[in-house]
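Chemist: Going left to right, the sequence shown walks through residues 214 to 472 as the UniProt record's numbering numbers them. Built from N, CA and C at the ideal position, the CB exists for glycine as well. Quantities reported herein were computed from a predicted structural model and do not represent experimental measurements. Before I ask anything, let me first share the structure, which is written out below as C-alpha cells.
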Amino acid sequence: VDGLDFQTRSSKMLHPMAKKLVEVMIGKKSNLCAAVDVTKTSELLGLAEQLGPFVCVIKTHIDILEDFQYERTIKPLLALAQKHNFLLFEDRKFADIGNTVSLQFQKGLYAIATWADLITVHGIPGPSLLKALEKSSERCIGAVMVSEMSCEGNLIDSEYTKKCISLVESTSSTCAMGVVSQSRLSHQSGILQFTPGVNLSTSKDNLSQRYVSPEQAILERGADIIIVGRGLTQSPNVEQTAKDYQSKAWEAYLTRIQS
Ligand code: UP6
C-alpha cells in the first residue's frame, strides 16, 4: 500500500463511496478530515464554512447538538458540503443488533441514512450489523469500522482488531470501505484508513485521548486520512490552522508514495 498513490488504489476500491472520497481528496489535495464536535448548530455551520475549502470530509457527532433541527441543521450542512465539495461523516459508532441499528440509522430526529456519506460502526456485533446497514441504505453509504482506538486504556486487543479487518475486507464491495485505526492493518490497497488522535500542539487531553502529529499518523501509522478535532476547532485562527494541517498531511502522503 505504501508506495501506491490514491489514483492507483482507487482502481482497487470496490465501494462507490470510497472511490468518490478519493476523487475529492485528489481534486482538493486534502487528506484532512475535520471532527467538528460542537454543541450549537451555528457553530457547526460556521466551522463547516471556514474549514470547507481545506478538508475532504467533515465528521460530526450530530447527537451532541443542543438545538438540532433537521431543516436548520442538515439542509444548510448539505448545502455547505456541496459548495465546498466535502463528504459528511457521522461518527455514530453503531454497535447494536441489526434491527436496532437499522432503526437508529434510518429513524429518530437525525435520520442519518438520509444525509451521511460515511458512518462509523463498531465490530462487536459481527456481520449482522453490516448486513442491517446494507439493507437499510439506499444511497450506498460507506461504513468505516473502528478497529483500534486512540484513547489510553481501551479494551481492544489484537485478536479483535484482526476480526474487524477480516469483516471489513469481506464486505468492502457492499458496505465497509475502511477502518478507524492507529496502524496499517489491511494490506488490501482498496481499504481506507482514518486515524484520529492527531494534534500539532499537544500530546494528550485530560480524558485519556492521545495525539500524534500529522506526519507520524501518515508516515509511521499508515493513515490515509487524518481526523483532527480540537486541534482545528479550538484554534484562534481556524482557516490558517486548517491550511497548515492540510498541507502537512498532504506532504506526508506525497513523501510516503515516493518512498
Ligand atoms: N475518535 C477518536 N478516537 C477513536 C475513535 N474516534 O478520537 O479511536 C473521534 C472522537 C472525536 C475525534 O469521537 O470526534 O475522533 C477526535 O477529536 P479530537 O481531535 O478533538 O481529540
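1. Just to confirm the assignment, what range does the alpha helix (DSSP H) spanning L413 have?
2. I'd like to confirm something about G442: is its beta-carbon nearer than 7 Å to some heavy atom of the ligand UP6, or not?
3. So the beta strand (DSSP E) A430 belongs to, where does it begin and stop?
4. Alpha carbon to alpha carbon, how far is E372 from E284? Give it in angstroms, no decimals.
5. Looking at the secondary structure, which residues open and close the beta strand (DSSP E) in which A247 lies?
6. Can you find a C-beta in chain C that's less than 8 Å from the C-beta of L398?
7. What separation, rounded to the nearest whole angstrom, lies between the Cα atoms of R443 and D418?
8. Compute the beta-carbon to beta-carbon distance between G339 and M358, rounded to the nearest angstrom, for a pair I have assumed lies under 8 Å.
9. Please give the ranges of any beta strand (DSSP E) in the region 290 to 324, keeping only runs that are unbroken, at least 3 residues long and fully inside the region.
10. Compute the beta-carbon to beta-carbon distance between A455 and L445, rounded to the nearest angstrom, for a pair I have assumed lies under 8 Å.
11. Taking a contact to mean a Cβ-Cβ separation below 8 Å, would you say residue 473 touches A324 in this structure?
12. Taking 7 Å as the cut-off, is the C-beta of K272 nearer than that to any heavy atom in the ligand UP6?
13. For A465 and P427, which I take to be in contact (beta-carbon distance under 8 Å), what is that distance rounded to the nearest angstrom?
14. My understanding is that N312 touches A356, with C-beta atoms under 8 Å, so please give their C-beta distance in whole angstroms.
15. In chain order, which beta strand (DSSP E) runs of at least 3 residues are fully inside the region 329 to 412?
Modeler: In this structure, then:
1. Within the sequence shown, the letter at position 200 stands for residue 413. Taken as a continuous stretch (DSSP letters only), L413 belongs to no alpha helix (DSSP H), as it is neither H nor E.
2. As a working note, residue 442 is residue 229 in the sequence shown. True, at least one ligand heavy atom lies under 7 Å from that Cβ.
3. In the sequence shown, counting from the first residue as 1, residue 430 sits at position 217. No beta strand (DSSP E) holds A430; DSSP gives it neither H nor E.
4. Locating residue 284 in the sequence shown gives position 71, counting from the first residue. Locating residue 372 in the sequence shown gives position 159, counting from the first residue. In a straight line, the C-alpha of E284 is about 43 Å away from that of E372.
5. As a working note, residue 247 is residue 34 in the sequence shown. Unbroken beta strand (DSSP E) run through A247: L245 to A248.
6. In the displayed structure, chain C is absent; only one protein chain is listed.
7. Taking the first residue of the sequence shown as 1, we reach residue 443 at position 230. Taking the first residue of the sequence shown as 1, we reach residue 418 at position 205. Answer to the nearest angstrom: the Cα atoms are 10 Å apart.
8. Here residue 339 refers to the residue found at position 126 when the sequence shown is read from its first residue. Here residue 358 refers to the residue found at position 145 when the sequence shown is read from its first residue. With 8 Å as the limit, G339 and M358 do not qualify as a contact, their Cβ atoms being about 11 Å apart.
9. 300 to 307
10. The sequence position of residue 455 within the sequence shown is 242, counting from 1. The sequence position of residue 445 within the sequence shown is 232, counting from 1. About 6 Å; that satisfies the 8 Å criterion.
11. Since the first and last residues shown for the chain are 214 and 472, residue 473 lies out of range.
12. Locating residue 272 in the sequence shown gives position 59, counting from the first residue. The answer is yes for K272.
13. Locating residue 465 in the sequence shown gives position 252, where the first residue counts as 1. Locating residue 427 in the sequence shown gives position 214, where the first residue counts as 1. Right, the Cβ-Cβ distance comes to about 6 Å (below 8 Å), so this counts as a contact.
14. Here residue 312 refers to the residue found at position 99 when the sequence shown is read from its first residue. Here residue 356 refers to the residue found at position 143 when the sequence shown is read from its first residue. Not quite, the Cβ-Cβ distance comes to about 17 Å (not below 8 Å), so this is no contact.
15. 331 to 335, 355 to 359, 389 to 393 and 405 to 408
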